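Participant: For the sequence shown, the numbering used here puts the final residue at 1525, and the numbers step up evenly by one.
Each residue gets a CB set at the ideal place from its N, CA and C atoms; glycine is no exception.
It should be emphasised that the depicted structure is a prediction, and the values quoted were computed from it without experimental measurement.
Submitted below is the structure of interest, expressed as structure tokens.
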Amino acid sequence: MGLEFCRVIGEAAAQVLDERHVELYLATRAEPPYLSGPLYQPDRYLERTGRQIKRPGFTAVSAEDGPFLVGFAFGVPLASWWGGHATPAPPEVAEAPNLFAVIELNVRQDHRNQGIGRKLLDELLTGQEAPYATVLANPAAPAHDMYLRWGWRKVGTVQATPDAMVSDALIRKLPG
1350 MGLEFCRVIG
1360 EAAAQVLDER
1370 HVELYLATRA
1380 EPPYLSGPLY
1390 QPDRYLERTG
1400 RQIKRPGFTA
1410 VSAEDGPFLV
1420 GFAFGVPLAS
1430 WWGGHATPAP
1440 PEVAEAPNLF
1450 AVIELNVRQD
1460 HRNQGIGRKL
1470 LDELLTGQEA
1480 PYATVLANPA
1490 APAHDMYLRW
1500 GWRKVGTVQA
1510 TPDAMVSDAL
1520 IRKLPG
């Protein structure tokens, strides 16, 4: 496997709005438990992600095998805990000056269980200045158990928007 990982920050990260990234996002969100619900439609992804890209510190990592995109992850620093209907952040997180939120981690189905997702996530989190990373994971999604195996821990629940599923809020202490 000749995979190349590319990390970009700022305006260069707008690549996550291109056709290849949208196609991969839609493919993963067509799977259970998401089943292509309203939140996972192309216009919602593009609008939401377009806003996030403009935030300072937005970071994206892509895994490519030649011209073929096999996975990507992105995230953004947060000044405070998740919005929407959320259980409060644990004290150590609430007192932290900032957090890094993993917003997306997507790997093509035929490339899973090869360490690509973990490498994407490690590349995304490397060098982040926040003491903690956080991610929202649907308890019914296979990724939920993957995060727990990788050392993340559940600290509450979040329903980010009225049409979003209730997800577990997971955190991980970052080195540094």
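Suppose the cutoff is 6 Å on Cβ atoms and the five residues either side in sequence are ignored; what does the same chain contact list for W1430 look like?
Facilitator: Closer than 6 Å at the Cβ level, and outside the excluded window around W1430, lie A1438.
Participant: What is the C-beta distance between G1505 and A1435, in whole angstroms, given that I count them as a contact (C-beta under 8 Å)?
Facilitator: That pair is a contact at about 7 Å.
Participant: Can you tell which of F1449, R1457, C1355 and M1495 has its C-alpha closest to the C-alpha of R1467?
Facilitator: If we check each option's Cα against that of R1467, M1495 comes out closest.
Participant: Taking the straight line between their C-alpha atoms, what separation do you get for P1416 and K1403?
Facilitator: Cα to Cα, the separation comes out at about 26 Å.
Participant: With DSSP run on the structure shown, which of helix, strand or coil describes V1365?
Facilitator: It is helical.
Participant: May I ask you to list the residues that DSSP assigns as paired with R1521?
Facilitator: Bridge partners of R1521: A1482.
Participant: What does DSSP give as the partner residue(s) for V1358 in the beta ladder?
Facilitator: Here residue 1358 is Ile; the residue named in the question, Val, does not match the sequence. Note: I1358 sits in a beta bridge opposite T1408.
Participant: Indicate the three-state DSSP secondary structure (helix, strand or coil) for D1459 in the structure shown.
Facilitator: In the structure shown, D1459 sits in a helix (DSSP, three-state: H, G or I).
Participant: Would you list the one or two residues that DSSP bridges to P1426?
Facilitator: DSSP output for P1426 lists F1449 as bridge partner(s).
Participant: Could you tell me the distance, in whole angstroms, from the CA atom of Q1463 to the CA atom of G1420?
Facilitator: Straight-line Cα distance between these residues: approximately 12 Å.
Participant: Do F1449 and A1492 have their CB atoms nearer than 7 Å?
Facilitator: Result no, Cβ atoms of F1449 and A1492 do not sit closer than 7 Å.
Participant: In the DSSP assignment, what residue or residues form a beta bridge with H1434?
Facilitator: Paired residues: Q1508.
Participant: Quick check: P1488 and D1517, are their CB atoms within less than 7 Å of each other?
Facilitator: A contact, by the Cβ cut-off of 7 Å.
Participant: What separation, rounded to the nearest whole angstrom, lies between the Cα atoms of L1497 and D1367?
Facilitator: The alpha-carbon atoms of L1497 and D1367 are separated by roughly 31 Å.
Participant: Check whether the Cβ atoms of A1412 and I1358 sit closer than 7 Å, and answer yes or no.
Facilitator: Result no, Cβ atoms of A1412 and I1358 do not sit closer than 7 Å.
Participant: Can you tell me which residues form a DSSP beta bridge with R1502?
Facilitator: Answer by DSSP bridge pairing, in chain order: I1520.
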